[in-house]
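Counting from 6, one number per residue, gives the positions in the sequence shown under this note's numbering.
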Amino acid sequence: MALSKATRLKKLRTLAESEGFASVDDMLAASICDSVVPAICTAKGCDYTVEMEPDQDRGWCGACGRNSVVAAPVLAGII
Ligand SMILES: [Zn+2]
């Protein structure tokens, strides 16, 4: 995945906010045991969020139509 660390962090923060978590760490902790986790589109200018498998790194975006949705654990580098 060719995303910079800054972009990953920004997307993770946006995702945590839109999912109602106080912090990225809270979101990741809550996602550890789930079969689906919060995921966000990584395309520029698109912040579409959806739930996907924890190891998803190119899920389909329902907003911009690209395979650019990445799950939170992948964005955080945990998986
Ligand atoms: Zn998108």
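For glycine and all other residues, C-beta sits at the position ideal for the given N, C-alpha and C.
For clarity, every value in this text was computed on a predicted model and none was experimentally measured.
Asked                                                                                                    : Found
Proximity to residue 61 [Cα-Cα], best of 68, 72, 53                                                      : 72
Contact test: residue 76 Cβ vs ligand 1 heavy atom, cutoff 6 Å                                           : no
Residue environment, residue 46, which counts as buried when at least 16 other CB atoms sit within 10 Å  : buried
Residue 41 burial status per 10 Å Cβ neighbour count (16 or more: buried)                                : exposed
For residue 45: DSSP bridge partner residues                                                             : 54, 75
Distance, residue 7 Cα to residue 26 Cα                                                                  : 26 Å
Counted within 10 angstroms of its Cβ, other Cβ atoms place residue 36 as buried (16 or more) or exposed : buried
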